[in-house]
Amino acid sequence: MATVSGATEYPAVHCAVKIVCDMIWSFGRGDEVVRLHTSYDVTSHEFVLEITWTDGPPTTERFPTIRKFKRRILAVEQQLAEEHWTQIGGPEILPHGWRGPVH
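If you're matching positions, the sequence shown starts at -6 in this note's numbering and goes up one per residue.
Okay, structure coming up:
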């Protein structure tokens, strides 16, 4: 299965650098869902991580380098694993610029 940090077939970080795509990764635990939206902002030249928890508004973090971006993603993956979240399927690759609701 793919991981957000990009260890396998659907590397979020690699995708952001190569073709500037948006990806959503979903994780579940009971009735709760966490969504990680990874992207690259071509205007500011920053890597973007948006995290949406079931019980709160999204938080957005921006990173000037791919190294810092990947380090943060690895930390979030570790946190989710420690808290017993399970990845739901693979990533959803979004068309460039799409900003609609996540199903």
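Ideal Cβ positions, reconstructed from N, Cα and C, are used throughout, including at glycine.
The structure displayed is predicted, hence computed values, not measured ones.
Exposure of residue i, with buried meaning 16 or more beta-carbon neighbours within 10 Å
{"i": "residue 46", "result": "exposed"}
{"i": "residue 100", "result": "No answer is possible for residue 100: it lies beyond the span of the chain, which begins at -6 and ends at 96."}
{"i": "residue 37", "result": "exposed"}
{"i": "residue 91", "result": "Residue placement at residue 91 is flagged as unreliable, the pLDDT there being 45, under the threshold of 50; the coordinate-derived value follows with that caveat. Looking at its Cβ environment, which holds fewer than 16 other Cβ atoms inside 10 Å, residue 91 is exposed."}
{"i": "residue 50", "result": "exposed"}
{"i": "residue 86", "result": "exposed"}
Proximity winner among the options, relative to residue i (alpha-carbon distances)
{"i": "residue 56", "options": "40, 81, 24", "result": "40"}
{"i": "residue 21", "options": "42, 48, 34, 15", "result": "48"}
{"i": "residue 82", "options": "66, 34, 28", "result": "28"}
Alpha-carbon spacing of residue i relative to residue j, whole angstroms
{"i": "residue 26", "j": "residue 77", "result": "12 Å"}
{"i": "residue 34", "j": "residue 24", "result": "32 Å"}
{"i": "residue 80", "j": "residue 69", "result": "12 Å"}
{"i": "residue 59", "j": "residue 75", "result": "24 Å"}
{"i": "residue 44", "j": "residue 73", "result": "12 Å"}
{"i": "residue 54", "j": "residue 30", "result": "10 Å"}
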